[in-house]
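Numbering (the UniProt record's numbering), first residue to last: 1 to 386.
All C-beta atoms, glycine included, are put in the ideal place defined by N, C-alpha and C.
Note that the coordinates shown come from a computational prediction; the quantities given were computed from them, not determined experimentally.
For reference, the structure discussed in these notes is given below.
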Amino acid sequence: MRSLQENGDQKVESKIEEAVAPLREKIKDLEKSFTQKYPPVKFLSEKDRKRILITGGAGFVGSHLTDKLMMDGHEVTVVDNFFTGRKRNVEHWIGHENFELINHDVVEPLYIEVDQIYHLASPASPPNYMYNPIKTLKTNTIGTLNMLGLAKRVGARLLLASTSEVYGDPEVHPQNEDYWGHVNPIGPRACYDEGKRVAETMCYAYMKQEGVEVRVARIFNTFGPRMHMNDGRVVSNFILQALQGEPLTVYGPGTQTRAFQYVSDLVNGLVALMNSNVSSPVNLGNPEEHTILEFAQLIKKLVGSGSEIQFLSEAQDDPQKRKPDIRKAKLLLGWEPVVCTAVLLLLCVKKKTKHREAEGDGEGLHHNSMFQLLEYLLNTITRTVV
C-alpha cells in the first residue's frame with residue numbers, strides 16, 4: 001500500500017513539475033527582460049569612492065559629467081528641476097545602486113551627505129536664461145548660496161561652473177583669468193553674466209570666511225551630444241538650419257569670433273580641477289578661434305546643404321571676440337582640449353543626421369557625396385586630435 005501511495009505521490013509531483021516548468025522559464029525570461037544593462041563601472045574601494053552631488057546633472061554638460069563619474073566608480077546624486085535638463089539624458093543610470101536622481105530646484109535648500117559638489121545648475125543659452133531673467137538670477141545667486149551652505153555643513157568641496165560670460169564683450173584678447181571683464185550690468189544678458197559674477201564672489205567669500213574649499217571653472221563655448229539643437233546657440237542653430245535646408249542666420253557681419261570645445265574635453269577639465277589644489281578661477285575652453293561666418297560655411301560643407309547664408313541685425317551686447325587663454329589650465333592641471341573644431345562639428349553633424357534618420361525625417365540628408373566628405377574630413381583631420 002505504501003509503495004502505491006508513494007508512486008501516486010511521485011506521479012502528482014511529476015505532473016506538477018511538468019505544469020510549473022514552462023512557468024519557471026517564462027519567469028526567467030521576464031527577469032532577463034527587466035534586467036537593466038548599465039555602462040561599465042569601475043570598482044572603487046570605500047576609501048577611494050566619493051559621494052558626489054551634481055546640480056543640473058540632467059542637462060547637457062551635467063549628464064556627460066554624470067557618465068564619467070559613474071563609470072569611474074563613484075556614488076552620484078543628480079539634482080535637477082528639468083527646466084532645460086532632460087530625464088532621458090541620465091535614464092540609463094536609473095536603478096543603479098550608485099545613482100540617485102532627485103527632482104529639486106536649487107533655490108530651495110537641500111539636505112544630503114556628500115564629499116564633492118559640482119554646481120552646474122543654471123540655464124546657459126541666451127533664449128533660456130533671458131526667458132525668465134529673475135529665475136536665472138535666483139538660480140545663480142540663491143542656488144549658489146544654498147550649495148555653499150551645504151558644502152559648509154558637510155565639509156564638501158564645491159566646484160562652481162562659471163562661464164566666459166563673466167568677461168562680457170572683452171577688451172582683452174585672448175581672455176585670461178586676471179581680466180576683470182567688460183559687462184553691461186543692465187543689458188539683456190546681464191541676468192546670466194552678473195549672476196555668475198556674483199556666484200564667484202559668493203564662493204570666495206565662503207572660502208575666506210568659512211573655510212569652504214571651492215573651485216571655479218570659467219567655461220567657454222561647448223558643444224556635443226545631448227545639446228538642445230534649437231536652443232539658440234550659434235552652431236546648433238547652423239546645423240539644424242542646414243539639415244532642414246533653411247537659410248543659415250548670421251546676426252551681424254559674421255566677423256565675431258568664437259572658440260568651441262567638445263563636451264568630453266570639458267568634463268575631463270572639470271574633474272581635473274575638482275581634484276586639484278587650484279582654488280583660483282581657471283579657464284576651460286578651446287583656443288582654436290573661428291569667425292561666425294567660418295562656422296556657417298564649414299557646417300554647410302559638412303552637411304552638404306544648399307542653404308543660403310542670411311545676414312540679420314546684430315543682437316544687443318553680443319561679444320565681438322571670445323577666445324580663452326588656457327595657459328593656467330595647461331600648467332596647473334595638465335589639461336588642454338584634444339578634439340579640434342572640425343572634428344567636433346563632424347561628430348555632431350553625423351550624430352544629428354543619424355538621429356533624424358532614426359526619426360524618419362532624414363530622407364535626402366545622407367547621400368554618397370556627403371558620406372564621402374564626412375569620412376574624408378574625419379580621416380584627414382583626426383591626426384590633429386591627439
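Would you kindly work out how many angstroms separate the C-alpha atoms of residue 61 and residue 263, rounded to a whole number?
Position 61 of the sequence shown, counted from the start, is the residue given in the question as residue 61. Position 263 of the sequence shown, counted from the start, is the residue given in the question as residue 263. Rounded to the nearest angstrom, the two C-alpha atoms are 7 Å apart.
Hey, would you say residue 195 sits closer than 8 Å to residue 277, going by beta carbons?
Within the sequence shown, numbered from 1, the residue matching residue 195 stands at position 195. Within the sequence shown, numbered from 1, the residue matching residue 277 stands at position 277. No, the pair does not count as a contact, with Cβ atoms beyond the cut-off.
Give, in chain order, every unbroken run of the beta strand (DSSP E) that is at least 3 residues long and sits entirely within the stretch 85-125.
Listed in chain order, the complete beta strand (DSSP E) runs (minimum 3 residues) inside the stretch 85-125 are 99-103 and 116-119.
By Cβ distance, which residues of its chain are closer than 7 Å to residue 137, with the 5 residues on each side in sequence left out?
Here the question's residue 137 lines up with position 137 in the sequence shown. The answer, listed in chain order, is 191 and 195.
Where does residue 182 fall in DSSP's three states?
Sequence index remark: in the sequence shown, residue 182 carries index 182 (1-based). Residue 182: strand per DSSP, three-state reduction.
Using only alpha-carbon positions, find the residue among 220, 157, 189 and 201 that is nearest to residue 174.
Here residue 174 corresponds to residue number 174 of the sequence shown, with the count starting at 1. When each option's Cα is compared against that of residue 174, the closest is 220.
From residue 146 to residue 129, what distance separates their C-alpha atoms?
Residue numbering aside, residue 146 sits at position 146 when the sequence shown is read from its first letter. Residue numbering aside, residue 129 sits at position 129 when the sequence shown is read from its first letter. Between residue 146 and residue 129, the C-alpha separation is close to 20 Å.
Give me, in chain order, the residues of the same chain whose beta-carbon lies closer than 7 Å to that of residue 324; leave out the 5 immediate sequence neighbours on both sides.
Counting from 1 along the sequence shown, the entry for residue 324 is found at position 324. Excluding residues within five positions, the ones whose Cβ falls inside 7 Å are 164, 174, 175, 220, 259, 283, 285 and 287.
Is it buried or exposed for residue 111, if we count other Cβ within 10 angstroms and need 16 for buried?
For the purposes of this step, residue 111 is taken as residue 111 along the sequence shown, with counting starting at 1. So residue 111 ends up on the exposed side.
Quick one: using the 10 Å Cβ neighbour count with 16 as the cut-off for buried, is residue 319 buried or exposed?
On the sequence shown, residue 319 is found 319 positions in, with the first residue counted as 1. Classification of residue 319: buried, given that the 10 Å Cβ count is 16 or more.
From the DSSP output, read off the bridge partner residues of residue 162.
Here residue 162 refers to the residue found at position 162 when the sequence shown is read from its first residue. Its beta-bridge partners are 218.
Between the Cα of residue 94 and the Cα atoms of 104, 83, 78 and 106, which residue gives the shortest distance?
For this step, residue 94 is matched to residue 94 along the sequence shown. For the residues 104, 83, 78 and 106, the minimum Cα distance to residue 94 belongs to 78.
Out of curiosity, what's the CA-to-CA distance linking residue 272 and residue 185?
Indexing the sequence shown from 1 puts residue 272 at position 272. Indexing the sequence shown from 1 puts residue 185 at position 185. Going by the C-alpha atoms only, they are around 32 Å apart.
Alpha carbon to alpha carbon, how far is residue 148 from residue 362? Give it in angstroms, no decimals.
Residue mapping note: residue 362 aligns to position 362 of the sequence shown, counting from 1. Residue mapping note: residue 148 aligns to position 148 of the sequence shown, counting from 1. Reliability of the predicted coordinates at residue 362 is poor, the pLDDT of 38 falling under 50, and the value obtained from them is presented with this limitation in mind. Rounded to the nearest angstrom, the two C-alpha atoms are 46 Å apart.
If you draw a straight line from the alpha carbon of residue 280 to that of residue 73, how long is it in whole angstroms?
Mapped onto the sequence shown, residue 280 falls at position 280. Mapped onto the sequence shown, residue 73 falls at position 73. For residue 280 and residue 73, the distance between alpha carbons rounds to 28 Å.
From this set, 143, 201, 39 and 227, which residue's C-alpha is nearest residue 58's C-alpha?
Position 58 of the sequence shown, counted from the start, is the residue given in the question as residue 58. The shortest C-alpha separation from residue 58 is found at 227.
Can the beta-carbon of residue 247 be found less than 8 Å from the beta-carbon of residue 307?
In the sequence shown, residue 247 corresponds to position 247, counting from 1. In the sequence shown, residue 307 corresponds to position 307, counting from 1. Yes; because the gap between Cβ atoms is below 8 Å, this pair is in contact.
Is the beta carbon of residue 56 sitting closer than 8 Å to the one on residue 121?
Sequence index remark: in the sequence shown, residue 56 carries index 56 (1-based). Sequence index remark: in the sequence shown, residue 121 carries index 121 (1-based). Cβ atoms of residue 56 and residue 121: closer than 8 Å.
Going by the DSSP bridge assignment, what does residue 77 pair with across the sheet?
Along the sequence shown, one-based indexing puts residue 77 at 77. In DSSP, residue 77 forms a bridge with 53 and 100.
So residue 338 is in the beta strand (DSSP E); what residue range does that whole segment cover?
As a first step, residue 338 must be located in the sequence shown, where it is residue number 338. Where residue 338 is concerned, there is no enclosing beta strand (DSSP E), given that its DSSP letter is neither H nor E.
From 158, 312 and 169, pick the residue whose C-alpha is nearest to that of residue 187; which is it?
In the sequence shown, the residue the question calls residue 187 occupies position 187. Closest by alpha carbon: 169.
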